[in-house]
Amino acid sequence: MLEIKFVRQNLELVQDSLENRGQKNALKGFVECDSRRRAILLEVEKLKHQRNSASERIAKIKRDGKDPADLIAEMKAVSEKIKNLDGELAQEERTLRSVLMGIPNLPHTSVPVGDDEEDNLIIKTVGELPHFDFEPLAHWEIGERLGILDFERAAKITGARFALYLGLGARLERALINFMLDIQTKEHGYLEVLPPFMTNRASTTATGQLPKFEEDLFKLEGWDYYLIPTAEVPVTNIHQDEILDEVDLPRLYTAHTPCFRSEAGSYGKDTRGLIRQHQFNKVELVKFTTPESSYDELEKLLSNAETILQRLDLSYQVIELCTGDLGFSAAKTYDIEVWVPGQQKYREISSCSNFEDFQARRASIRFRRKGKKGTELVHTLNGSGLAVGRTVVAILENFQQEDGSVIIPEALRPFMDGVEKIKSA
RNA sequence: GGAGAGAUGGCCGAGUUGGCUGAAGGCGCUCGCCUGCUAAGCGAGUGUGCGGUUAAAGCUGCACCGAGGGUUCGAAUCCCUCUCUCUCCGCCA
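According to this note's numbering, the first sequence is numbered sequentially starting from 4.
Next comes the structure, spelled out in structure tokens:
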């Protein structure tokens, strides 16, 4: 959410930004509604002041043993007026709030301007692309042949876009989770947390998934709870409605959670394999920082995620999203894309964003500077470190051998009881 | 599921026969004093949000005592609904 004062004073800027995202009507009614609200507020506050001072006089008159009936009668009318105006005020505020909640974050000035993913910038490319003397297979072929992935049975159990991992496949997933968490906690200073996998409406709204993107979420019937689409939601909300001390910043959290996404509107995309699932595992990194340090922290966050790929000897590129491709809440985003030989493409495996104070304002997460009065909103950041299922995809496809086996990257072997290779039984 | 207790400022904790209580007291924090250093001590200050005014400091209005509604001229205090926490019993991974 943007600050209402900011929107008021920068109408054109906000309007331009909305048009860049194809939402030119989002601000409709804002100006009128805002000025109505302020006019009513002025009026109602005046009346309340009148009522408050009359109350004091009434108390005094009573103490003096006299009868304040006249004044009470007068105030009765005033109270009635206040009640009506309060109702109008609430109406304007609801409208205003829903307008504000629908406005996406403003891109940071460093973000390249562009319409869609075509205009994203490749920042860097790391690692050599693997060479195969044979036609590399897609991971689902590899996994099914090795008996470590079974999509047919998963479809029977639940439906499309679910996976059943077996044996060393399940073990590989678990090893990756431990591997990632260990690096982020032991080497990069993140605190491991295990949050709830369902979040309530307020939390889900705070990070920006609601109210606009409800169709992307799984909602529990009969409850106002949602299955988390990313650990970003529960972890960012750890500090909802809190005022932190400056000395406690930055706060760094990492969490492994399953993520649940409806994938509405992605019919026909990535229908096979692990790339696009309704449920997948992810190790997430979340930071709470001061405003002045958030962009440095974004760079560190990106490199913390890159570390995982480097240790696994996977090739990847880092891209910077242009204004048109930014997510709703983000001010700046880097995506990391890993090389997927079966598709001869780089595919997204991590997304690292700075949300500045956009989420913090919605969640009311503030901090106090040492020796200074008042509070300021923190900046929140998060990134995947990494999406686990897609990491399995990358390992199976990049390290597949002609005989159908898959070599386990060395760094991962300690987490796999020393298994060096997955081969057919 | 049954029975009961509770939710107040950064934290702890008073206040519930409705009316100078935005809220005692303590802790913490900030500034100053004192002190070889540290600790202790002394003095002053210290909530948030939204408005108004101001060059600014400041001054000032309104709101906020879990959330929402109600009663009343007036609610932290009374009533209703909900949420959460705790204790005991039952059930259970």
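Ideal placement from N, C-alpha and C gives every residue a C-beta, glycine not left out. What you are looking at is a predicted structure, and each value in this text was computed from that prediction instead of being measured.
Local Cβ density within 10 Å of residue i, reported as buried at 16 or more and exposed below that
| i | result |
| --- | --- |
| residue 214 | exposed |
| residue 335 | buried |
| residue 242 | buried |
| residue 162 | exposed |
| residue 106 | buried |
| residue 16 | exposed |
| residue 290 | buried |
| residue 274 | exposed |
| residue 134 | exposed |
| residue 382 | buried |
| residue 272 | exposed |
| residue 365 | buried |
| residue 328 | buried |
| residue 139 | buried |
| residue 232 | buried |
| residue 176 | buried |
| residue 62 | exposed |
| residue 112 | exposed |
| residue 28 | exposed |
Own chain residues within Cβ distance below 7 Å of residue i, not counting five before or after
| i | result |
| --- | --- |
| residue 390 | 283, 285, 352, 353 |
| residue 181 | 418 |
| residue 191 | 307 |
| residue 164 | 266, 279, 280, 281 |
| residue 250 | 373 |
| residue 57 | 74, 78 |
| residue 157 | 165, 166, 167 |
Supposed close pair residue i, residue j - CB separation, criterion 8 Å
| i | j | result |
| --- | --- | --- |
| residue 279 | residue 269 | 6 Å |
| residue 210 | residue 23 | Between residue 23 and residue 210 the Cβ distance is about 22 Å, and since that is not below 8 Å, they are no contact. |
| residue 405 | residue 343 | The pair is not a contact, with the Cβ atoms about 19 Å apart (cut-off 8 Å). |
| residue 238 | residue 256 | 5 Å |
| residue 60 | residue 82 | Actually they are not in contact, since the Cβ atoms of residue 60 and residue 82 sit about 15 Å apart, beyond 8 Å. |
| residue 220 | residue 212 | 6 Å |
Beta-carbon proximity list for residue i, same chain, < 8 Å, skipping 5 on both sides
| i | result |
| --- | --- |
| residue 216 | 331 |
| residue 124 | 115, 322, 323, 325 |
| residue 99 | 7, 33, 36, 37, 40 |
| residue 408 | 149, 424, 425, 426, 427 |
| residue 248 | 370, 371, 373 |
CA nearest to the CA of residue i, picked from the options
| i | options | result |
| --- | --- | --- |
| residue 319 | 159, 131, 220 | 131 |
| residue 305 | 272, 4, 356 | 356 |
| residue 45 | 21, 63, 91, 61 | 91 |
| residue 294 | 48, 252, 311 | 252 |
| residue 110 | 208, 81, 205, 298 | 298 |
| residue 143 | 300, 277, 349 | 277 |
| residue 380 | 226, 296, 224 | 296 |
| residue 25 | 118, 69, 13 | 118 |
| residue 93 | 302, 228, 27, 43 | 43 |
| residue 358 | 175, 345, 412, 301 | 301 |
| residue 422 | 101, 171, 198, 152 | 171 |
| residue 120 | 387, 95, 350, 66 | 350 |
| residue 208 | 31, 157, 227, 96 | 227 |
| residue 363 | 84, 205, 396, 412 | 205 |
| residue 186 | 420, 388, 416, 396 | 388 |
Contacts around residue i, its chain only, beta-carbon distance under 6 Å, and the 5 residues preceding and following it disregarded
| i | result |
| --- | --- |
| residue 367 | 244 |
| residue 179 | 391, 394 |
| residue 234 | 258, 260, 287 |
| residue 314 | 414 |
| residue 337 | 305, 321, 323, 355 |
| residue 10 | 17 |
The ligand FMN heavy atom lying under 6 Å from the CB of residue i
| i | result |
| --- | --- |
| residue 174 | This structure simply doesn't include the ligand FMN, nor any ligand for that matter. |
Original post:
What residue ranges within the region 162 to 216 form continuous alpha helix (DSSP H) runs of no fewer than 4 residues, ordered along the chain?
Top reply: Complete alpha helix (DSSP H) runs here, min 4: 171 to 185, 204 to 209.
Subject >> Segments of 3+ residues assigned as beta strand (DSSP E) that fall wholly inside the region 379 to 421 >> reply: Within the region 379 to 421, the beta strand (DSSP E) runs of at least 3 residues that lie entirely inside it are, in chain order, 382 to 390.
**OP:** Could you name each continuous alpha helix (DSSP H) segment of 4 residues or more that falls completely within the region 26 to 71, going from the start of the chain to the end?
**Re:** The qualifying runs are 33 to 66.
**OP:** For the region 232 to 258, list the beta strand (DSSP E) runs that are entirely contained and at least 3 residues long, ordered along the chain.
**Re:** Segments of the beta strand (DSSP E) lying fully in the region 232 to 258: 245 to 248.
Subject >> Segments of 3+ residues assigned as beta strand (DSSP E) that fall wholly inside the region 87 to 162 >> reply: Taking only runs of at least 3 residues, the beta strand (DSSP E) segments lying wholly in the region 87 to 162 are 124 to 129.
**OP:** Kindly provide the ranges of any alpha helix (DSSP H) runs that are 4 or more residues long and lie completely inside the region 287 to 358, ordered along the chain.
**Re:** Qualifying alpha helix (DSSP H) stretches, in chain order: 297 to 314.
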